[in-house]
Amino acid sequence: MKTFTPTTQQQAAIDYDGSMVITACPGSGKTTVMKEKIRKITRELPQHKGVIAITFTKKASQELKMRCKHNAHDTKQSFFGTIDSFCLKELILPFISRVWGGNPTECKVVKRLQNPYLLFIKEEYRSPTVENIFNDDGFKRLYDSGLLWMNSFAAMALYILRRSAAAERYIKAKYSHVFIDEYQDSSVSQHQLFEKLHMLGLTATAVGDISQSIYEFRGGNPELLNGLVNDSDNFKHFEININHRSHDSIVNYASRLLEPSFQLIQCAHKNIFRREIVGNLKDAAKEISNWISNWIENGEWEITKASDIAILAKSEKSLRLLTSGLEVNYRIYSDNPLDEVGTDCSELYSHLLAFKYGAIATTQELIEIKFEHVLSRDSNIASIRKAIRVIREIEDVEQIITKFQELALMLNINETAASDIAVRTILQQYELIKQFMPLDESEVQVMTLHKSKGLEFKVVFHFDLEEWSFPFQRVENNDWNNPIYPSLAQDTNLHYVGITRAENCCVLIRVTLRQNSLGNFTQSAPSYFLRLPQLEGLYG
């Protein structure tokens, strides 16, 4: 681990001991600031206490935990994980029986409600709040029927804290601080839980960036972060706005995208480019394959391996057409048949394939991941461990599926038919199998803009910059001459996220032939994003 020398902005945030909100741009070192604060705090805590460190993904959580524990640093009784994991392990499982009775260890955790259970609740909640749980007895009916619905976890955790004095005492006794990263993607129920933890006396830190809010469709509400920024009575605001990751010209372009009056950084070179390629995405892929091969061979842009390069697009459809023309080794991170099934069984099967092909390295790692979502009695752990190990030894497709079915039954998952079919499809296509293998440095990384969040690359190729491709447009009242951009703010943030994944070079590409919804190719026009006047002169 490199020696960390904090900037003035970073040091001010690290030194402050009270509740705070940190707004941090891409590449600003926010994870390092969180790590330094957690190490500083836990050094002074008694052995029985810790901090709550909540991140948006399991991968981010594992990275933060590893960095906090570097050089055998003792993080005491700290929790590292996602918001759902915290709610389940620290509040729902230990305390729900005190307010609703029953035995939660016999419940099954589900990501999606299906019939007949959908009929239990009064409406289809995207992200239920604690008020919904108080006013809709369907949530207790779900619990009484043996189901714990993941979308309701934050609201249920808050419900428990409001109803159980024992739960309040437990949290106050065990934890001194709470950190929540990527706060701009928090839902109302998650925000209410954060406020409750603060009210209980925990020193609270929210970290986020309004400009990277891209999950409103999942219930994320970026205005909640703004609310904390404006709550100066309870939270001190710190801004960390220096991007240490990207070349200054990339910072200039991305910043002007959001703020036309941004004061430009002086830089001698422009490392962000716009290129128009004649033909469709397949033709463009062939052309950039030559660029990529030459850049890797010559070490351009400080590239040392193919995986330093990312190809990003707005849609899965675009990625499929792009990869049909690529003439370099690549790894595509697209939705596979198991993603499309979208059930608890398909998620289990995805993890089992990741173990079989090496993306999940150990049996223990797989068990820990699945305990995030599926409850099991301790007596089953030995048999589960034994069944998992066998997976790597089996090559016959039907035997693999049989073993997957056995593991599903051990975890109280009975409906496997759709996931069985999806696994058969995946095992017949090597390109899909590669998604479950460890990172190969000889492969260019290909993914959607959404999947790129949190990642960084030496070089980024950003596609789909044609009108009607990105940003999203819609025609209302059959007025084709005046289409609207119904999600422009979110799409602008997504464009910003894509650009700021690049460290040394970003290439924005428009193709002259765009594939329409019928599959036909038509002449394209430049995207709205390529027509913004504040960006003129900022690209090569």
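In the UniProt record's numbering, the protein residues as written are 1 to 540.
Every residue, glycine too, gets a C-beta built ideally from N, C-alpha and C.
Taking a contact to require three or more Cβ pairs closer than 8 Å, the region 272 to 287 and the region 49 to 57 do not qualify as touching.
Under a 10 Å Cβ-count criterion, Thr425 is classified as exposed, with fewer than 16 other Cβ atoms of the shown protein chains found around its own Cβ.
Beta-bridge pairing by DSSP links Tyr330 to Val444. Going by DSSP, Ala165 is part of the alpha helix (DSSP H) stretching over Ala165 to Lys174. Ranked by Cα distance from Leu158, the first of Phe139, Gln192, Lys172 and Arg141 is Gln192. For the options Ala12, Ser442 and Lys314, the alpha carbon positioned closest to that of Met20 is the one of Ala12. CA-to-CA, the gap between Ile509 and Phe463 works out to about 5 Å. Going by DSSP, Gln490 is part of the alpha helix (DSSP H) stretching over Leu488 to Ile499. Under the Cβ criterion (8 Å, minimum of three pairs), the region 247 to 254 counts as touching the region 499 to 519. Looking only at Val444, Asp491 and Ala489, the smallest Cα-Cα distance to Trp295 is reached by Val444.
With contacts defined as CB atoms closer than 8 Å, Ser487 and Phe472 qualify as a contacting pair. Taking a contact to require three or more Cβ pairs closer than 8 Å, the region 139 to 153 and the region 100 to 108 qualify as touching. Beta-bridge annotation (DSSP): Arg274 is paired with Leu508. Only residues of its own chain outside the window of five on either side were considered, and among them Arg510, Arg514, Ser524 and Ser527 have a CB closer than 6 Å to the CB of Glu466, listed in chain order.
Straight across, the Cα-Cα distance linking Leu281 with Ala310 is about 15 Å. Going by DSSP, Ala310 is part of no alpha helix (DSSP H) but of the beta strand (DSSP E) stretching over Ile309 to Ala313. In the DSSP assignment, Ala60 falls within the alpha helix (DSSP H) that extends over Lys58 to Cys68. Cα atoms of Gly101 and Arg245: separation of roughly 51 Å, rounded to the nearest angstrom. When rounded, the separation of the alpha-carbon atoms in Gln405 and Asn414 is 8 Å.
Note on the region 143 to 224: whole alpha helix (DSSP H) runs with a minimum of 4 residues are 153 to 163, 165 to 174 and 188 to 199, in chain order. Minimum Cα-Cα distance from Lys305 among the listed residues Lys122, Ala154, Ser293 and Leu88 corresponds to Ser293. Contact annotation, Thr42 with Val51: C-beta distance approximately 6 Å; criterion of less than 8 Å satisfied. For Thr8, the enclosing alpha helix (DSSP H) starts and ends at Thr8 to Asp15. In chain order, Leu281 and Lys282 place their CB closer than 6 Å to the CB of Leu321, counting only its own chain and leaving out the 5 sequence neighbours on each side. Here Lys37 carries a helix assignment [DSSP, helix/strand/coil].
Contact check for Asp420 and Ile401: beta-carbon distance about 5 Å, within the 8 Å limit, so the pair qualifies. In this structure, Arg385 lies away from Ile369, with their beta-carbon atoms at least 8 Å apart. The C-beta of His269 has fewer than 16 other C-beta atoms within 10 Å across all chains shown, which makes the residue exposed. Contact between Val423 and Tyr349 holds, with the beta-carbon distance rounding to 6 Å and staying under 8 Å. Rounded to whole angstroms, the separation of the alpha carbons of Asp144 and Glu131 is 19 Å.
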